[in-house]
Amino acid sequence: MAVKIDKKIKGYAVVTPEDKAKEAAQAASVSRAAAEADLPTADVIQMHERIERPEVLIGSTYKIKSPLVEHAMYVTINDIVLNAGTEHELRRPFEIFVNSKSMEHFQWIVALTRIMSAVFRKGGDVTFLVDEMKAVFDPKGGYFKAGGVYMPSLVAELGAIVEDHLKSIGMIHDPEMSPAQRALIAEKRHAYEQRSKKNNEISPTVGGTLADPAERESNEDIAVTGDGASFPPSATLCHKCSAKALVIMDGCATCLNCGYSKCG
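For the sequence shown, the positions run 111 to 374 when this note's numbering is used.
Encoded structure:
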């Protein structure tokens, strides 16, 4: 088809296939942006300090029975549910209270719980509270809770409770023990039990004299020490898992709870 040109030609350019591809890509990006602008956006609510307290909160109460206080302490952590009923539903801690008949720690407990509640309502990553609290040591010494787990202070046990609660609502994910680690611990516990049974069949006297103290110590039965954990009464503290489950096996300190071995 012939085209008649009535005006003077001042310049010209040759349109290549690459130029056509660029124009098509630009047109596609413009249309995609327009389509995305028309789509409804999800109004996701994140935890922040401007969120008002609802009339009803979901809570959990934990009991602390420490030898440092005469009466038990009850720790209540209330959670707020964000974006309820949607795919973005989250459960976040909102406030914490500690109640007890013992009044000697009332002052600092009220101050601590109010500060923690303020941090919870601030939002963001509040899991740092766990490490800070568990690192608090009592200058008078700590204590062993049920199950043989060592607590360096009352504040540290409060931190352990907060950690358990954050795990239950999904803010902290506890790394699962690998099958190889579980098998190793089961093997060590079985070996220790077999050695104890074998030594129990041997008389405590050898040639009219008492047997070696190490042999008498290994004759003890594995007893349940609390929380379903069964470790020998003479077991010592494991610095890795803070459980009283460290025994001597084949001349090497071995933990029957987490599998730690001093010999590697």
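Where a beta carbon is used, it is the ideal one built from N, C-alpha and C, also for glycine.
Exercise. Ser176: which of Gly233, Gln156, Gly251 and Asp274 sits nearest, CA to CA?
Worked result: Here residue 176 refers to the residue found at position 66 of the sequence shown. For Ser176, the closest alpha carbon among the candidates Gly233, Gln156, Gly251 and Asp274 is that of Gly251.
Exercise. By how many angstroms is the C-alpha of Arg305 removed from the C-alpha of Ala363?
Worked result: Within the sequence shown, the letter at position 253 stands for residue 363. Within the sequence shown, the letter at position 195 stands for residue 305. Ala363 and Arg305: Cα-Cα distance of roughly 15 Å.
For this session: Taking the CB atoms as reference points, tell me whether Ser263 and Val240 lie closer together than 8 Å.
Result: Counting from one through the sequence shown, the residue named residue 263 turns up at place 153. Counting from one through the sequence shown, the residue named residue 240 turns up at place 130. Result no, Cβ atoms of Ser263 and Val240 do not sit closer than 8 Å.
Exercise. How many whole angstroms separate the CB atoms of Arg163 and Phe204, which I take to be in contact at a CB cut-off of 8 Å?
Worked result: Position 53 of the sequence shown, counted from the first residue, corresponds to residue 163. Position 94 of the sequence shown, counted from the first residue, corresponds to residue 204. With a Cβ gap of about 7 Å, Arg163 and Phe204 count as contacting.
For this session: Taking only runs that begin and end inside the stretch 256-318, name each unbroken beta strand (DSSP E) of 3 or more residues, in chain order.
Result: Entirely contained in the stretch 256-318, not one beta strand (DSSP E) run reaches 3 residues.
Exercise. Would you report the Cα separation of Thr223 and Ala355, rounded to the nearest angstrom?
Worked result: One-based indexing of the sequence shown puts residue 223 at position 113. One-based indexing of the sequence shown puts residue 355 at position 245. Their backbone Cα atoms lie some 33 Å apart in a straight line.
Problem set entry | Start-to-end residues for the beta strand (DSSP E) that takes in Met226 | What you label residue 226 is simply residue 116 of the sequence shown in a count that begins at 1. Judged by DSSP secondary structure, Met226 falls outside any beta strand (DSSP E) and instead within the alpha helix (DSSP H) spanning Phe216 to Lys232.
Exercise. Residue range of the beta strand (DSSP E) that Leu239 falls in?
Worked result: Translated into positions along the sequence shown, residue 239 becomes position 129. No beta strand (DSSP E) holds Leu239; the alpha helix (DSSP H) holding it covers Phe238 to Lys244.
Exercise. How about Ile155 and Asn193: are their beta carbons less than 8 Å apart?
Worked result: Within the sequence shown, residue 155 is the residue found at index 45, counting from 1. Within the sequence shown, residue 193 is the residue found at index 83, counting from 1. Yes. Within cutoff.
For this session: Have a look at Gly169, Val179, Thr196 and Leu200 and flag the residue whose alpha-carbon is nearest the alpha-carbon of Thr186.
Result: Translated into positions along the sequence shown, residue 186 becomes position 76. Gly169 is the residue among Gly169, Val179, Thr196 and Leu200 whose C-alpha sits nearest the C-alpha of Thr186.
Problem set entry | Beta-carbon proximity list for Arg299, same chain, < 7 Å, skipping 5 on both sides | Start at 1 with the first residue of the sequence shown, and residue 299 comes out as number 189. Excluding sequence neighbours, Arg299 sits near Leu366.
Problem set entry | Lys232 to Ala256 span [Cα, whole Å] | Translated into positions along the sequence shown, residue 232 becomes position 122. Translated into positions along the sequence shown, residue 256 becomes position 146. In a straight line, the C-alpha of Lys232 is about 34 Å away from that of Ala256.
For this session: Identify which residue in Tyr184, Asp129, Asp189 and Pro127 has its Cα closest to the Cα of Met281.
Result: Residue mapping note: residue 281 aligns to position 171 of the sequence shown, counting from 1. It is Asp189.
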